[in-house]
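Protein chains in written order, with our numbering: chain A, 565 to 679; chain B, 605 to 717.
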Amino acid sequence: GAVVSQHPSRVICKSGTSVKIECRSLDFQATTMFWYRQFPKKSLMLMATSNEGSKATYEQGVEKDKFLINHASLTLSTLTVTSAHPEDSSFYICSATTSDTGELFFGEGSRLTVL
Amino acid sequence: QKEVEQDPGPLSVPEGAIVSLNCTYSNSAFQYFMWYRQYSRKGPELLMYTYSSGNKEDGRFTAQVDKSSKYISLFIRDSQPSDSATYLCAMSVGGGATNKLIFGTGTLLAVQP
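Given below as structure tokens:
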């Protein structure tokens with residue numbers, strides 16, 4: 565099946581710093597990518613939907629200035645957590661699809677720990 | 605009330621047992637129902653995809669949807685230790701992959717050898 569790669573898989577940072585997480589579709593062109601957040605024993609919560617070349621659409625309650633999403637090419641989307649705080653510590657997962665009828669492929673996730 | 609409810613478990617069963625995993629939901633507009641498997645520290649992978657009510661079988665896995673009761677199930681026959689993972693139900697109103705998925709919390713399953 566199609567492969568979606570996330571990097572880094574784990575990151576630890578100090579409070580106040582910014583962290584960038586990359587999501588790449590390795591063998592297909594992803595017209596749409598999604599970013600989720602998952603807390604322990606909680607549901608995956610959709611943060612934003614990202615279409616190549618346009619601004620991301622954020623879910624209600626997600627701060628767009630804190631979670632910057634860029635989808636500059638058909639194979640790459642980035643999530644930047646700006647001025648990270650301990651409450652931002654979570655598992656961030658991206659997914660990608662080729663079209664609105666295609667399957668959704670998930671990345672392996674990136675675990676962020678903010679000290 | 606959450607849109608999708610799922611018992612987080614953990615659920616521990618002996619190898620070879622039949623496993624039943626369930627979700628209930630409140631939004632009657634959901635038409636597409638999915639089950640994902642997520643191993644520890646990994647992203648989810650799609651197991652089963654069902655439209656509207658009915659059953660779907662794939663190998664040892666059977667998905668059932670009862671829209672009248674707003675209840676979906678995943679059955680695993682002859683469970684194996686390799687089935688040990690978190691199983692997430694997900695559902696959406698529209699069928700395309702760009703439609704917003706609403707996930708359950710996931711049920712942690714442990715199959716004991």
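Note that CB positions come from ideal geometry on N, CA and C, so glycine has one too.
Have a look at SER644 (chain B) and ALA636 (chain A) and give me their C-alpha separation to the nearest angstrom.
Numbered from its first residue, the second sequence carries residue 644 (chain B) at position 40. Numbered from its first residue, the first sequence carries residue 636 (chain A) at position 72. For SER644 (chain B) and ALA636 (chain A), the distance between alpha carbons rounds to 30 Å.
Within 10 Å of its beta-carbon, does GLY647 (chain B) have 16 or more other beta-carbons around it, so buried, or fewer, so exposed?
Along the second sequence, one-based indexing puts residue 647 (chain B) at 43. GLY647 (chain B) comes out buried.
Can you tell me the Cα-Cα spacing of GLU623 (chain A) and ARG601 (chain A), whole angstroms?
By one-based count along the first sequence, residue 623 (chain A) stands at place 59. By one-based count along the first sequence, residue 601 (chain A) stands at place 37. Cα to Cα, GLU623 (chain A) sits roughly 12 Å from ARG601 (chain A).
Return the first residue and the last residue of the beta strand (DSSP E) that GLY613 (chain B) is part of.
Here the question's residue 613 (chain B) lines up with position 9 in the second sequence. Where GLY613 (chain B) is concerned, there is no enclosing beta strand (DSSP E), given that its DSSP letter is neither H nor E.
Under a CB-based cut-off of 7 Å, is LYS719 (chain B) close to chain A?
Given a span of 605 to 717 for chain B in the structure shown, any question on residue 719 (chain B) remains unanswerable.
Taking DSSP as the reference, what is the three-state secondary structure of GLU667 (chain A)?
Translated into positions along the first sequence, residue 667 (chain A) becomes position 103. Residue state, collapsed to three classes: coil.
If distances are taken between C-alpha atoms only, which option among B:LYS671, B:LEU678, B:LEU650 comes closest to GLN610 (chain B)?
Here residue 610 (chain B) refers to the residue found at position 6 of the second sequence. For GLN610 (chain B), the nearest C-alpha among the options comes from B:LEU678.
If I follow the unbroken beta strand (DSSP E) through ALA660 (chain A), where does it start and stop?
Position 96 of the first sequence, counting from 1, holds the residue named residue 660 (chain A). Taken as a continuous stretch (DSSP letters only), the beta strand (DSSP E) holding ALA660 (chain A) covers 654-661.
Quick one: is PRO612 (chain B) near chain A, going by C-beta distance under 7 Å?
As a working note, residue 612 (chain B) is residue 8 in the second sequence. It does: the Cβ of PRO612 (chain B) has a partner Cβ on chain A nearer than 7 Å.
Between which two residues does the beta strand (DSSP E) containing ILE633 (chain A) stretch?
Along the first sequence, read from residue 1 onward, the residue named residue 633 (chain A) stands at position 69. Segment 631-637, the beta strand (DSSP E) holding ILE633 (chain A).
Under a three-way DSSP split, which group does GLU607 (chain B) fall into?
Sequence index remark: in the second sequence, residue 607 (chain B) carries index 3 (1-based). It is coil, neither helix nor strand.
Determine the DSSP secondary structure at PRO618 (chain B), reduced to helix, strand or coil.
What you label residue 618 (chain B) is simply residue 14 of the second sequence in a count that begins at 1. DSSP places PRO618 (chain B) in strand when its eight states are reduced to three.
Determine which residues share a DSSP beta bridge with PHE637 (chain B) and list them.
Position 33 of the second sequence, counted from the first residue, corresponds to residue 637 (chain B). B:THR654, B:MET695.
Give the DSSP-derived three-state secondary structure of SER569 (chain A) in the structure shown.
Within the first sequence, numbered from 1, the residue matching residue 569 (chain A) stands at position 5. Strand at SER569 (chain A).
Here's the rule I'm using: 16 or more other beta-carbon atoms within 10 Å means buried, otherwise exposed. How should PHE598 (chain A) be labelled?
What you label residue 598 (chain A) is simply residue 34 of the first sequence in a count that begins at 1. That one is buried.
By how many angstroms is the C-alpha of SER582 (chain A) removed from the C-alpha of TYR691 (chain B)?
Numbered from its first residue, the second sequence carries residue 691 (chain B) at position 87. Numbered from its first residue, the first sequence carries residue 582 (chain A) at position 18. Each residue's Cα considered, the two are about 32 Å apart.
Tell me which same chain residues have a C-beta within less than 7 Å of the C-beta of ALA594 (chain A), skipping the five on either side of it?
Sequence index remark: in the first sequence, residue 594 (chain A) carries index 30 (1-based). So the list reads LEU638, THR639, ALA660, THR661, THR662, once near-sequence residues are dropped.
Which of the three DSSP states, helix, strand or coil, is assigned to SER644 (chain B)?
What you label residue 644 (chain B) is simply residue 40 of the second sequence in a count that begins at 1. In the structure shown, SER644 (chain B) sits in coil (DSSP, three-state: anything other than H, G, I, E or B).
Using a C-beta to C-beta distance shorter than 9 Å, which residues of chain A count as neighbours of LEU615 (chain B)?
If you number the second sequence from 1, residue 615 (chain B) lands on position 11. Chain A residues near LEU615 (chain B): none, gap ~14 Å exceeds 9 Å.
List the residues that DSSP assigns as beta-bridge partners of THR581 (chain A).
Here residue 581 (chain A) refers to the residue found at position 17 when the first sequence is read from its first residue. According to DSSP, THR581 (chain A) bridges with nothing at all.
Show which residues of chain E have a CB atom less than 9 Å away from the CB atom of THR661 (chain A).
Reference to chain E is not applicable here, since the protein chains of this structure are A and B.
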